[in-house]
Amino acid sequence: MVNHNYTMKRIRELIDIRYSKDLYLGYGKSNTYHFFYGLKRILIEIVRSLMYFFSSLRKVEVSKPELAVYSTSNQKRAISRLIEVEGRSTELVEICELSTVFCFLRFFVWSFKLVFYPVFFIASKNKEGVYFSCFTSGMVFYNLFLRRSLINRNVESLIISNDHAGDIYILSILIRGCKSIHVTYVQHGAAKREFPENYFDSIYVNSNEYLGVYKGLAQNKDVSILVLDLDVAKFSKGRLRKVDFLVCFSHQFHILAVIHLFKSINKLEGKTIRVRFHPSDRFIKAKTVFINSFSKSVTITSQEYSYKADFSSAEVIICASSSLLLDGYNDGCWGRLIWYKPIGLQWDYYNLSDKIDVLETKQELEEYLHAI
């Protein structure tokens, strides 16, 4: 037993949910795909562990009873918004800053995974997500040092923003047995009813639509679930200028499709274009330079602006497969919202194909633009 009646087997079952048919894009692909994807991810995590280790040498003193922990820019942004909206006095730290031992052991565990990954892969019945779910006991072991760090620092309230994957998710499972720590979760992206169960004390969701989702996932009978007020004025420095087209990307960036999209819009004389990248995209600058090389009339949305500010100031919203599709639909923007498949994923993750306009080919895009 780890705590709260959770066995290693049960923790692995919860981790595996992330790689189920409803939540994992690669589900059902070939074993070759899963093997090399997993190998790539393990190498990335080893490098990340090294970066974590050197960052952890910079000691962070936690002096406040409320601590917020993040591991991605998406999570940091979601937590920062909660802190700003509610005027909380919260220390915000990256996960690696809590424990040097955690970082060192993380490097060791992921290096072990690399060595024995082929064995784990062959022995696993389900090949999806083997790279993460294998050697669960090792991941639990190094995350226990994070749990110990929180307890030793007398943290009374913990804010996180990951409820189905990664180290912070594992930490959220381990912390369930610590009654002295109040755990608050802040939604940072789209959520589905197929997500794992949770035992958070407080949950902040992005809209009333997600309220129902998390009421079904929350297992704590005393949980408080609130809609976080993401009013445009609170996150926008001034107003965004009106544009004719807003193009929203996810992580994917299919070069030929992108070139065709912008050149097609530019054929409509005098039309203005703004681009919104995924908030955790690390290549925004490079992609911006690329787009500006053949389309000079494009502006880029600063991450300081909420998607609501962006959507409300655009006549037409052309979007890749992204949580923005679902958010836009739920907020009543479906009349101006277009899912253009060639610039992103083809998977209808959000089950929106029959609810919004979908363009599946370049020819359909040309016909749509010609009819405007």
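Each residue of the sequence shown is one higher than the one before, starting from 613 at the first, in this note's numbering.
Even for Gly, the Cβ is constructed at its ideal location relative to N, Cα and C.
Being a predicted model, the structure only gives us computed values, none of them experimental.
Going by beta carbon distance, what residues of the same chain come within less than 6 angstroms of K953, once the five residues before and after it are set aside? One-based indexing of the sequence shown puts residue 953 at position 341. Once the five neighbours on either side are set aside, the close Cβ partners of K953 are E972.
Rounded distance between the beta-carbons of S892 and T684, thought under 8 angstroms: Here residue 684 corresponds to residue number 72 of the sequence shown, with the count starting at 1. Here residue 892 corresponds to residue number 280 of the sequence shown, with the count starting at 1. Taking C-beta atoms under 8 angstroms as the contact rule, T684 and S892 qualify, at a distance of about 6 angstroms.
Once DSSP output is grouped into helix, strand and coil, what is the label at C708? The sequence position of residue 708 within the sequence shown is 96, counting from 1. Residue state for C708 is assigned as helix, using DSSP reduced to three classes.
Rounded to a whole number of angstroms, what is the C-alpha to C-alpha distance between V659 and Y917? Stepping through the sequence shown from its first residue, residue 659 is reached at position 47. Stepping through the sequence shown from its first residue, residue 917 is reached at position 305. Approximately 32 angstroms, taken between the alpha carbons.
I want to know whether the segment 930–942 touches the segment 852–863 - three or more CB-CB distances under 8 angstroms. Touching, yes, given that three or more Cβ pairs across the two stretches are closer than 8 angstroms.
In the DSSP assignment, find the unbroken alpha helix (DSSP H) run with F874 in it and report its ends. Within the sequence shown, numbered from 1, the residue matching residue 874 stands at position 262. F874 -> alpha helix (DSSP H) spans I867 to N878.
Please say whether F757 and S692 have beta carbons closer to each other than 8 angstroms? By one-based count along the sequence shown, residue 692 stands at place 80. By one-based count along the sequence shown, residue 757 stands at place 145. No, the pair does not count as a contact, with Cβ atoms beyond the cut-off.
Can you grab the Cα-Cα spacing for the pair F895 / S632, in whole Å? Position 283 of the sequence shown holds residue 895. Position 20 of the sequence shown holds residue 632. Going by the C-alpha atoms only, they are around 29 angstroms apart.
Going straight from the alpha carbon of I772 to that of T644, what length do you get? Indexing the sequence shown from 1 puts residue 772 at position 160. Indexing the sequence shown from 1 puts residue 644 at position 32. Between I772 and T644, the C-alpha separation is close to 35 angstroms.
Which class does I903 belong to by DSSP, given the choice of helix, strand or coil? Within the sequence shown, the letter at position 291 stands for residue 903. Helix at I903.
Going by the beta-carbon positions, is the gap between C931 and I912 smaller than 8 angstroms? Counting from 1 along the sequence shown, the entry for residue 931 is found at position 319. Counting from 1 along the sequence shown, the entry for residue 912 is found at position 300. It is not a contact, given that the beta carbons lie outside the stated cut-off.
Using only the alpha-carbon positions, how far apart do Y743 and T884 sit? Taking the sequence shown and counting its residues from 1, the one referred to as residue 743 is at position 131. Taking the sequence shown and counting its residues from 1, the one referred to as residue 884 is at position 272. Rounded to the nearest angstrom, the two C-alpha atoms are 44 angstroms apart.
Just curious, the beta strand (DSSP E) that A680 is in, first and last residue? In the sequence shown, the residue the question calls residue 680 occupies position 68. Segment E678 to Y682, the beta strand (DSSP E) holding A680.
Terminal residues of the alpha helix (DSSP H) in which L829 lies: Counting from 1 along the sequence shown, the entry for residue 829 is found at position 217. Element bounds for L829: N820 to L829.
Would you call the segment 827–841 and the segment 797–816 touching, i.e. three or more CB-CB distances under 8 angstroms? Contact holds: three or more Cβ-Cβ distances are below 8 angstroms.
Beta-carbon contacts of V674 that lie in its chain and below 6 angstroms, excluding the five residues immediately before and after: Sequence index remark: in the sequence shown, residue 674 carries index 62 (1-based). Excluding residues within five positions, the ones whose Cβ falls inside 6 angstroms are E703 and R765.
Comparing alpha-carbon positions, which option in L655, V713, L694 and V798 lies nearest L669? Working through the sequence shown from its first residue, we reach residue 669 at position 57. For the set L655, V713, L694 and V798, the Cα lying nearest the Cα of L669 is the one of V713.
Could you tell me the distance, in whole angstroms, from the CA atom of V870 to the CA atom of F902? Residue mapping note: residue 870 aligns to position 258 of the sequence shown, counting from 1. Residue mapping note: residue 902 aligns to position 290 of the sequence shown, counting from 1. Whole-angstrom Cα-Cα distance: 10 angstroms.
Under 8 angstroms, do L717 and I654 count as touching if we go by C-beta distance? Counting from one through the sequence shown, the residue named residue 717 turns up at place 105. Counting from one through the sequence shown, the residue named residue 654 turns up at place 42. Not in contact: L717 and I654 (Cβ atoms no closer than 8 angstroms).
Minimum C-alpha distance to G638 - residue among A690, Y961, F728 and L977: Walking along the sequence shown from the start, residue 638 turns up at place 26. Ranking A690, Y961, F728 and L977 by Cα distance to G638 puts Y961 first.
Collapsed DSSP secondary structure at C945 in the structure displayed: Within the sequence shown, residue 945 is the residue found at index 333, counting from 1. For C945, the secondary structure class from DSSP, reduced to helix, strand or coil, is coil.
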